[in-house]
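Protein chains: 2
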Amino acid sequence: MSRRKVSHKRRPGRPRGDASGQRELLLDAALACYARHGITASSVRSIATEAGVTPALFNYYFGSKESLLEAVVEERLLPVISQMRQAIESAGTDPRAVATEFVQGVHAAVARHPWLPSLWVREILSEGGALRDLLLDQLPPHVPRMLTERFAAAARSGELSGELDPRLLVVSLVGLTLFPLAAAPIWRQLFDADDVDADALMYHTLALLDRGIGGLA
Amino acid sequence: MSRRKVSHKRRPGRPRGDASGQRELLLDAALACYARHGITASSVRSIATEAGVTPALFNYYFGSKESLLEAVVEERLLPVISQMRQAIESAGTDPRAVATEFVQGVHAAVARHPWLPSLWVREILSEGGALRDLLLDQLPPHVPRMLTERFAAAARSGELSGELDPRLLVVSLVGLTLFPLAAAPIWRQLFDADDVDADALMYHTLALLDRGIGGLA
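Protein chains in written order, with this note's numbering: chain A, 1 to 217; chain B, 218 to 434.
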């Protein structure tokens, strides 16, 4: 994770560097507020309060809600995507290995960044979500396209059943990873399933996919 | 903003029965507004406008936003759930048949009620969604519990692989049906997949599940 240097010159009204990680605190606080209340509903004041800093300090680091959102995307979201991309790139061509790498990558990312599933539901999956256009228009769709290309190649070589659609398989993978992680508070309560942890979920998902994906047999 | 006049021949302030289906129109309009803007953000005025009736007529039929929501749940949501329940009850004990019935049931329900996936994302899956507590606290969890019991029985008899968790399999089914239907505008654009219709999605999903679910082999 990159940390940007701020000016070390002490000027009146300006804090001294970021020795206490206040900028990072603000990024974390923004993500917590975004996941809890949505991006639109997260005010500068609520984010500053969550971070335990003054609104003045917020303004020093980001200046506006929009710049903060840009920084969150650039410094928190894109690195997660980029890390997943590297993991999947290294998985080779076997569709089961690619799917396994994706499932493990999502679980690892969510373990490190617990805000990810809620943010995804609220700002990408929900109609009018603030990050949906960003995903569709601005981000290079590396990870989804890379996955569909791998699966399409596997379908051509017979490593993937012709009954499965390479593009829809990527949709299935998201529905079997981000969705259950986002819905965990619901199904844990509905099924009295406090005993089911993320590892059990991952094991179940990998078993389902390992059986479901495969050669022509 | 279109405002339609109602007949004035009756007592002041009271429309003549529901000959023109205005109450039904208001329920439909509520669902459209809920799915588009969320339940909290859907005002009486916007729902009345969507239905093409006056706010006074809205008040005659429902009196408040809360009563309208209750009527929508009672008359529009619960019948969908009840219909799915009947279909699954008739599916017997084979876990693949149960899963197939569930997948076909969700697809049929969404074909009839296109507002279903958006409403589900916004009001159940999103943290703080207005229908989440209703699902967890008030609705009898017939469908999810019935599904887990079927799958648990199948696991005991060896019809379902022991690698799969009967409760998580229900979560997987939702992630492979409601999620891809809710996310269709996203993946269609991301993958240039306008050629993939709901039937193709259902076929893919049934193939994945039919392979993924099965005996101990």
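Don't be surprised by glycine CBs; every beta carbon is placed ideally from N, CA and C. Predicted model, so just to flag it, every value in this text is computed and none were measured.
Burial state of residue i, where buried means 16 or more other Cβ atoms lie within 10 Å
{"i": "glutamine 239 of chain B", "result": "buried"}
{"i": "glycine 429 of chain B", "result": "buried"}
{"i": "serine 281 of chain B", "result": "exposed"}
{"i": "glycine 345 of chain B", "result": "exposed"}
{"i": "serine 284 of chain B", "result": "exposed"}
{"i": "proline 331 of chain B", "result": "exposed"}
{"i": "arginine 112 of chain A", "result": "exposed"}
{"i": "proline 402 of chain B", "result": "exposed"}
{"i": "alanine 258 of chain B", "result": "exposed"}
Secondary structure of residue i, DSSP reduced to three states
{"i": "glutamate 376 of chain B", "result": "coil"}
{"i": "alanine 41 of chain A", "result": "coil"}
{"i": "phenylalanine 191 of chain A", "result": "coil"}
{"i": "serine 263 of chain B", "result": "helix"}
{"i": "tryptophan 337 of chain B", "result": "helix"}
{"i": "glutamate 344 of chain B", "result": "coil"}
{"i": "glycine 392 of chain B", "result": "helix"}
{"i": "aspartate 199 of chain A", "result": "helix"}
{"i": "proline 361 of chain B", "result": "helix"}
{"i": "aspartate 442 of chain B", "result": "There is simply no residue 442 of chain B to check, as chain B begins at 218 and stops at 434 in what is shown."}
{"i": "phenylalanine 279 of chain B", "result": "coil"}
{"i": "serine 90 of chain A", "result": "coil"}
{"i": "valine 270 of chain B", "result": "coil"}
{"i": "histidine 421 of chain B", "result": "helix"}
{"i": "proline 227 of chain A", "result": "Limits of chain A in this structure are 1 at one end and 217 at the other, which puts residue 227 of chain A out of reach."}
{"i": "histidine 107 of chain A", "result": "helix"}
{"i": "alanine 400 of chain B", "result": "coil"}
{"i": "isoleucine 298 of chain B", "result": "helix"}
Beta-carbon neighbours of residue i, restricted to chain B and to distances below 7 Å
{"i": "glutamine 189 of chain A", "result": "Leu353"}
{"i": "serine 118 of chain A", "result": "Glu344"}
Cutoff 8 Å; reference residue i; Cβ partners in own chain excluding five residues on either side
{"i": "serine 90 of chain A", "result": "Glu101"}
{"i": "alanine 109 of chain A", "result": "Val80, Gln83, Met84 and Leu116"}
Beta-carbon neighbours of residue i, restricted to chain A and to distances below 7 Å
{"i": "threonine 365 of chain B", "result": "Phe191"}
{"i": "glutamate 380 of chain B", "result": "Ala207"}
{"i": "serine 260 of chain B", "result": "Residues of chain A passing the Cβ test: none, with the nearest at roughly 16 Å."}
{"i": "leucine 342 of chain B", "result": "Val121, Ala182 and Ala183"}
{"i": "glycine 322 of chain B", "result": "The premise fails here: glycine 322 of chain B is roughly 17 Å from chain A at the closest Cβ pair, so nothing lies under 7 Å."}
Contact check, residue i vs residue j, beta carbons under 8 Å
{"i": "serine 335 of chain B", "j": "valine 121 of chain A", "result": "no"}
{"i": "proline 208 of chain A", "j": "serine 389 of chain B", "result": "Checking the displayed sequence, the identity of residue 208 of chain A turns out to be leucine instead of proline. Taking 8 Å as the Cβ cut-off, leucine 208 of chain A and serine 389 of chain B qualify as a contacting pair."}
{"i": "leucine 78 of chain A", "j": "isoleucine 39 of chain A", "result": "no"}
{"i": "valine 98 of chain A", "j": "arginine 156 of chain A", "result": "no"}
{"i": "alanine 288 of chain B", "j": "leucine 244 of chain B", "result": "yes"}
{"i": "leucine 218 of chain A", "j": "valine 103 of chain A", "result": "Only positions 1 to 217 of chain A appear in the structure, and residue 218 of chain A is not among them; the question remains open."}
{"i": "glycine 375 of chain B", "j": "glycine 175 of chain A", "result": "no"}
{"i": "leucine 201 of chain A", "j": "leucine 385 of chain B", "result": "yes"}
{"i": "phenylalanine 179 of chain A", "j": "phenylalanine 396 of chain B", "result": "yes"}
{"i": "aspartate 427 of chain B", "j": "arginine 313 of chain B", "result": "yes"}
{"i": "histidine 421 of chain B", "j": "aspartate 165 of chain A", "result": "yes"}
Cutoff 6 Å; reference residue i; Cβ partners in own chain excluding five residues on either side
{"i": "alanine 304 of chain B", "result": "Glu318 and Gly322"}
{"i": "leucine 398 of chain B", "result": "Val327 and Pro334"}
Own chain, CB closer than 7 Å to residue i, minus 5 neighbours either side, in chain order
{"i": "serine 263 of chain B", "result": "Cys250"}
{"i": "isoleucine 341 of chain B", "result": "Leu348, Arg349 and Leu352"}
{"i": "alanine 410 of chain B", "result": "Trp404"}
{"i": "aspartate 94 of chain A", "result": "Glu159"}
{"i": "alanine 152 of chain A", "result": "Pro166"}
Interface residues of chain B facing residue i [CB-CB closer than 8 Å]
{"i": "arginine 132 of chain A", "result": "Ile403"}
Partner residues on chain A for residue i, Cβ-Cβ distance less than 8 Å
{"i": "glycine 375 of chain B", "result": "Those do not exist, as glycine 375 of chain B stays about 15 Å from chain A at its closest Cβ, beyond 8 Å."}
{"i": "histidine 421 of chain B", "result": "Glu163, Leu164, Asp165, Leu168, Leu169 and Ser172"}
Proximity test, Cβ basis, 8 Å: residue i and chain E
{"i": "alanine 314 of chain B", "result": "Structure shown: chain E not included; protein chains present are A and B."}
Neighbour list for residue i in chain A, Cβ cutoff strictly below 9 Å
{"i": "leucine 450 of chain B", "result": "Outside the displayed range of chain B (218 to 434) lies residue 450 of chain B, so it cannot be described from this structure."}
{"i": "arginine 428 of chain B", "result": "Ser161, Glu163, Leu164, Arg211, Gly212, Ile213 and Gly214"}
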